[in-house]
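Peer 1: So the sequence shown is numbered by the working numbering: it starts at 3 and just counts up by one. Here a beta-carbon is modelled for each residue, glycine too, at the ideal position from N, C-alpha and C. Values in this document were obtained by computation on a predicted structure and should not be read as measured data.
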Amino acid sequence: MKQTEEHLPLKEVRAPVKEVRAPLKEDQASLEEDRVPLQENQANLEEDQAPLKELDEWDDFVATRYRQGKSEEEFRNYKADANPTVTEFYRQNHKYQTLDFVLKKKAEYCGLNRGQKSIWEMAEYLNTLVDDSDPDTDVTQIEHLLQTAEAIRKDGHPRWFILAGFLHDLGKVLCLYGEPQWAVVGDTFPAGCAYSEQVVFPEFFAANPDSGKPEYQTQYGMYEPNCGLDNVHLSFGHDEYIYRVTEKYLPEEAQYMLRYHSFYAAHRHGAYRHLMNEHDEAMFEWVRKFNPYDLYSKGRERPNTKEILPYYRELISEFFPDKIDW
Ligand SMILES: [Fe+2]
Ligand SMILES: [Fe+2]
Numbered sequence: 003m004k005q006t007e008e009h010l011p012l013k014e015v016r017a018p019v020k021e022v023r024a025p026l027k028e029d030q031a032s033l034e035e036d037r038v039p040l041q042e043n044q045a046n047l048e049e050d051q052a053p054l055k056e057l058d059e060w061d062d063f064v065a066t067r068y069r070q071g072k073s074e075e076e077f078r079n080y081k082a083d084a085n086p087t088v089t090e091f092y093r094q095n096h097k098y099q100t101l102d103f104v105l106k107k108k109a110e111y112c113g114l115n116r117g118q119k120s121i122w123e124m125a126e127y128l129n130t131l132v133d134d135s136d137p138d139t140d141v142t143q144i145e146h147l148l149q150t151a152e153a154i155r156k157d158g159h160p161r162w163f164i165l166a167g168f169l170h171d172l173g174k175v176l177c178l179y180g181e182p183q184w185a186v187v188g189d190t191f192p193a194g195c196a197y198s199e200q201v202v203f204p205e206f207f208a209a210n211p212d213s214g215k216p217e218y219q220t221q222y223g224m225y226e227p228n229c230g231l232d233n234v235h236l237s238f239g240h241d242e243y244i245y246r247v248t249e250k251y252l253p254e255e256a257q258y259m260l261r262y263h264s265f266y267a268a269h270r271h272g273a274y275r276h277l278m279n280e281h282d283e284a285m286f287e288w289v290r291k292f293n294p295y296d297l298y299s300k301g302r303e304r305p306n307t308k309e310i311l312p313y314y315r316e317l318i319s320e321f322f323p324d325k326i327d328w
């Protein structure tokens with residue numbers, strides 16, 4: 003990546019953002035190599051590993067599930083909002099996110115051994131995930147990050163909170179590393195203990211091999227009562243990865259927002275409190291404060307990227323060095 007930040011096409015509006023794909027190809031070539039062993043791993047899996055047409059399909063489903071003003075009865079009927087691809091996605095997610103899998107992925111990614119990149123470079127890389135099939139209605143990945151951050155900024159929240167909005171989905175680059183959709187997005191849940199009925203599609207956990215291990219199927223499973231979420235292994239995905247990448251640069255409130263933003267069973271439904279400690283309880287106030295911006299900023303007008311970019315450049319450089327480990 004030879005471009006300097008001053009020359010990043012991000013300064014322009016949406017169309018030129020796409021041009022950044024060309025220089026990213028070099029990176030992608032090396033990533034392709036990394037993908038080989040993964041694909042071998044997956045070769046024995048029978049299913050199509052990418053049931054969602056695009057990752058946003060999951061986000062859209064979650065937003066519909068928690069649509070503002072929905073009655074309790076409408077909410078409980080969430081399956082009516084799930085199209086077959088979303089349902090298939092959850093079936094795979096619940097089946098394959100075993101404790102072993104989570105530990106393996108944490109060992110693979112949380113040491114941050116994939117090289118150095120700036121936040122901007124990663125944002126542009128993530129933007130290559132954009133689906134061009136309907137560019138008028140689909141916001142790009144960067145636009146979703148900016149919409150979320152801008153909604154937070156408009157409400158007068160602190161700079162680190164706005165920054166958390168911009169960063170929160172950057173971990174979706176896991177998809178570009180070759181991870182299947184079920185290992186990148188989806189509501190997160192603890193592995194190694196009983197599954198809560200508050201997790202969407204709880205019936206799909208029956209196919210998870212951990213369901214057959216009695217030691218993981220008690221209320222606490224492998225954990226101590228109120229051991230604190232830092233000691234709990236949540237299903238692996240973009241939340242944990244971006245938390246690990248950014249944790250040493252951000253205040254703890256922002257760390258919680260990033261790490262637990264997909265843990266809907268806990269922050270929306272109060273499940274798994276028996277694993278949380280008092281500190282988690284206090285910090286989850288911030289996770290709950292963050293969530294509406296993630297869910298409901300999408301319908302807003304498209305951000306004027308050109309106009310707001312200088313603000314975000316400055317914001318990012320206030321908290322991050324030029325390059326960080328990924
Ligand atoms: Fe997310
Ligand atoms: Fe998001």
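What did DSSP end up calling ASP241 once you bin it into helix, strand or coil?
Peer 2: Helix.
Peer 1: Any idea which residues DSSP pairs PRO204 with across the strands?
Peer 2: Partner(s): none; PRO204 has no beta bridge.
Peer 1: From the DSSP output, in three-state form, read off LYS55 for me.
Peer 2: Three-state result, LYS55: coil.
Peer 1: Can you tell me which of the three DSSP states GLN118 falls into?
Peer 2: Strand at GLN118.
Peer 1: Report the rounded CA-to-CA distance for LYS13 versus TYR314, giving the unit in angstroms.
Peer 2: Confidence in LYS13 is poor, its pLDDT being 35 and thus under 50, which makes the residue's placement too unreliable to answer from.
Peer 1: Which residues in the same chain have their Cβ closer than 6 Å to the Cβ of PRO182, if we skip the five residues on either side of it in sequence?
Peer 2: Hits under 6 Å: GLN51.
Peer 1: Would DSSP call PRO323 helix, strand or coil?
Peer 2: Of the three classes helix, strand and coil, the one that applies to PRO323 here is coil, per DSSP.
Peer 1: With three or more beta-carbon pairs closer than 8 Å as the criterion, would you say the stretch 81 to 97 touches the stretch 218 to 230?
Peer 2: Too few Cβ pairs lie closer than 8 Å, so no.
Peer 1: HIS281: which of CYS229, LEU297, GLU123 and ARG69 sits nearest, CA to CA?
Peer 2: Out of CYS229, LEU297, GLU123 and ARG69, CYS229 has the C-alpha closest to the C-alpha of HIS281.
Peer 1: Is it the case that the Cβ atoms of GLN118 and ILE318 are separated by a distance below 8 Å?
Peer 2: Result no, Cβ atoms of GLN118 and ILE318 do not sit closer than 8 Å.
Peer 1: Cβ of ASP282 versus every heavy atom of ligand 1: is any distance shorter than 7 Å?
Peer 2: Checking every heavy atom of ligand 1 against the Cβ of ASP282, none is found closer than 7 Å.
Peer 1: By alpha-carbon positions, which one of PRO305, SER299 and ASN95 ends up nearest to ALA208?
Peer 2: Taking only the C-alpha atoms, the option nearest ALA208 is ASN95.
Peer 1: Which whole-angstrom value describes the C-beta separation of TRP162 and GLN99, a residue pair presumed to lie in contact below a C-beta threshold of 8 Å?
Peer 2: In fact, because the Cβ distance is near 30 Å, the residues do not count as touching under 8 Å.
Peer 1: Tell me which residue opens and which closes the alpha helix (DSSP H) that LEU101 is part of.
Peer 2: From DSSP, the alpha helix (DSSP H) with LEU101 extends over 101 to 111.
Peer 1: Hey, how far is the Cα of THR66 from the Cα of ASP83?
Peer 2: Approximately 7 Å, taken between the alpha carbons.
Peer 1: Under a three-way DSSP split, which group does LEU236 fall into?
Peer 2: If DSSP states are grouped into helix, strand and coil, LEU236 belongs with the strands.
Peer 1: Sorry if obvious, but does the Cβ on SER264 come closer than 7 Å to a heavy atom of ligand 1?
Peer 2: Answer for SER264: yes, Cβ within range of ligand 1.
Peer 1: What first and last residue would you give for the alpha helix (DSSP H) that runs through GLN143?
Peer 2: Unbroken alpha helix (DSSP H) run through GLN143: 143 to 156.
Peer 1: Check whether the Cβ of THR66 sits closer than 7 Å to any heavy atom of ligand 2, and report yes or no.
Peer 2: No, Cβ of THR66 sits at least 7 Å from all heavy atoms of ligand 2.
Peer 1: Between HIS96 and chain D, is the shortest Cβ-Cβ distance under 8 Å, so that the two count as touching?
Peer 2: The question asks about chain D, but that chain is absent: this structure has only one protein chain.
Peer 1: For TYR245, which residues from the same chain have a beta carbon less than 7 Å from its beta carbon, with the 5 sequence-adjacent residues on both sides left out?
Peer 2: Once the five neighbours on either side are set aside, the close Cβ partners of TYR245 are GLN257, LEU260 and ARG261.
Peer 1: Just to confirm, is the Cβ distance from ASP241 to HIS263 under 8 Å?
Peer 2: Taking 8 Å as the Cβ cut-off, ASP241 and HIS263 qualify as a contacting pair.
Peer 1: Does the beta carbon of ASP171 fall short of 7 Å from some heavy atom of ligand 2?
Peer 2: Yes, Cβ of ASP171 sits closer than 7 Å to a heavy atom of ligand 2.
Peer 1: What is the rounded straight-line gap between the Cα of GLU217 and the Cα of CYS195?
Peer 2: Distance between the alpha carbons of GLU217 and CYS195: 8 Å.
Peer 1: Quick one: Cα of TRP60 to Cα of VAL187, how far?
Peer 2: Rounded to whole angstroms, TRP60 to VAL187 spans 7 Å at the Cα level.
Peer 1: Under three-state DSSP, which class holds PRO211?
Peer 2: Here PRO211 sits in helix by DSSP.
Peer 1: Over what stretch of residues does the alpha helix (DSSP H) that includes VAL289 continue unbroken?
Peer 2: Note, VAL289: alpha helix (DSSP H), 280 to 298.
Peer 1: Which whole-angstrom value describes the C-beta separation of ASP189 and VAL201, a residue pair presumed to lie in contact below a C-beta threshold of 8 Å?
Peer 2: At roughly 6 Å, the Cβ-Cβ gap stays under 8 Å, so ASP189 and VAL201 are in contact.
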